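Student:
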Amino acid sequence: GAVVSQHPSRVICKSGTSVKIECRSLDFQATTMFWYRQFPKQSLMLMATSNEGSKATYEQGVEKDKFLINHASLTLSTLTVTSAHPEDSSFYICSARGPRETLYGYTFGSGTRLTVV
Amino acid sequence: GESVGLHLPTLSVQEGDNSIINCAYSNSASDYFIWYKQESGKGPQFIIDIRSNMDKRQGQRVTVLLNKTVKHLSLQIAATQPGDSAVYFCAERGSNYKLTFGKGTLLTVNP
């Protein structure tokens, strides 16, 4: 079945530094990838949508200069949290959608727990 | 940012009982709905989906019911097991294939 690999699973960084999170579709080509953020005991909130070879589309209230998204290939999208601050600490999850709808049209990564100290 | 005082709805059942988890969705134009299970520290796991032209779909031990009139979705889990304990989210697909997630329900199965 479709698998999405997300790395790292956990990262701790100092305030002011940048962190890159990778999301790879292992056995299918992902025309679209989605990035979500989830705070404790809350739901997943969509941050942005990225299509291969084009600029990401950000949801209202998400700073595009702070959360840099690159989708350079059909199997890899990256989210870089720039100049991270403690309030950016959260669980970040990617999701990949293939070119055709399948039973598992949306495949999720295992998430990245970011802690900014 | 995080909302102070926000908490997940909870459902506590005995092992072997049936569970019903409910979800209200917001967009009458949504054409596809998915139920996900999320265990602590993990990404969402697909359970079952349903298209808007259906009102019921069954899987293994799970059934999803869709009532478009009142924009309501439910997930029924038969013979609930301790391994079913998790947070369950409904999601609706809107424009540009974006998924919007419901607020989730914490299911606890007591042995």
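One line per chain: the protein sequences are A and B, in this order.
According to my numbering, the first sequence is numbered sequentially starting from 3.
According to my numbering, the second sequence is numbered sequentially starting from 308.
Heads up, the beta-carbon is just placed ideally off N, CA and C, and yes, glycines get one too.
Here the structure is a predicted model, which means the values were calculated and not measured.
1. Counting only beta-carbon atoms, is B/P316 nearer than 8 Å to chain A?
2. Using a Cβ-Cβ distance under 8 Å, would B/G308 count as near chain A?
3. Name the residue from B/V320, B/L318, B/S347, B/L382 whose alpha carbon lies nearest to the alpha carbon of B/K363.
4. Can you give me the start and stop residues for the beta strand (DSSP E) that B/L414 sits inside?
5. Say whether the region 29-45 of chain A touches the region 76-90 of chain A, bearing in mind that this needs 3 or more beta-carbon pairs closer than 8 Å, one atom from each stretch.
6. Taking DSSP as the reference, what is the three-state secondary structure of B/D260?
7. How long is the line joining the alpha carbons of B/A398 and B/F340, rounded to whole angstroms?
8. What number of angstroms, rounded off, separates the C-alpha of B/N384 from the C-alpha of A/G18?
9. Would you identify the three-state DSSP class for A/E61, choosing helix, strand or coil?
10. Is A/A98 near A/T109, with beta carbons less than 8 Å apart?
11. Helix, strand or coil for B/N403? Go by DSSP, reduced to three states.
12. Any contact of the region 405-417 of chain B with the region 318-336 of chain B, i.e. 3+ C-beta pairs under 8 Å?
13. So that I know if they touch, is there some Cβ in chain A lying closer than 8 Å to that of B/N329?
14. Which residues in chain A have a C-beta closer than 8 Å to the C-beta of B/K405? List them in chain order.
15. Using a Cβ-Cβ cut-off of 6 Å (strictly less than) and excluding sequence neighbours within five positions of A/T117, which residues of its own chain qualify?
16. State the Cα-Cα distance for the pair A/A50 and B/S319, rounded to the nearest angstrom.
17. What are the partner residues of B/R368, as DSSP defines its beta bridges?
18. If you follow the beta strand (DSSP E) that B/S319 is part of, which residue opens it and which one closes it?
19. Can you tell me the Cα-Cα spacing of B/P351 and B/R368, whole angstroms?
20. Excluding five sequence neighbours on each side, which residues of the same chain lie with their C-beta closer than 8 Å to the C-beta of A/T84?
21. Cβ closer than 9 Å: which chain A residues qualify as neighbours of B/F340?
22. Any residues in the region 346-371 of chain B with a beta carbon nearer than 9 Å to a beta carbon of chain A? Which ones, in chain order?
23. Note down, in chain order, every chain A residue with its Cβ under 9 Å from the Cβ of B/G390.
24. Under the criterion of a Cβ to heavy atom distance below 7 Å, does B/K405 qualify as lining the ligand GTP?
Tutor: With the structure as the only source:
1. no
2. Here the model assigns B/G308 a pLDDT of 35, short of 50, so the residue's position is not dependable and the matter cannot be decided.
3. For the set B/V320, B/L318, B/S347, B/L382, the Cα lying nearest the Cα of B/K363 is the one of B/L382.
4. 412-417
5. yes
6. Residue 260 of chain B is absent from the model: chain B starts at 308 and stops at 418.
7. 6 Å
8. For clarity, residue 384 of chain B is Ile in the given sequence; the question names Asn instead. Cα to Cα, B/I384 sits roughly 46 Å from A/G18.
9. coil
10. yes
11. The answer is helix: DSSP assigns B/N403 an H, G or I state.
12. Verdict: yes, contact present.
13. no
14. F36, L48, T51
15. I14, S91
16. Spanning the two alpha carbons is a distance of roughly 34 Å.
17. Beta-bridge pairing links B/R368 to no other residue.
18. 317-321
19. 19 Å
20. S20, D67, K68, F69, L70
21. Here the premise fails: no neighbours, minimum Cβ distance about 12 Å.
22. G348, K349, G350, P351, Q352, F353, D356
23. Neighbours of B/G390 on chain A: none; closest Cβ ~18 Å, over 9 Å.
24. The ligand GTP is not part of this structure, which contains no ligands at all.
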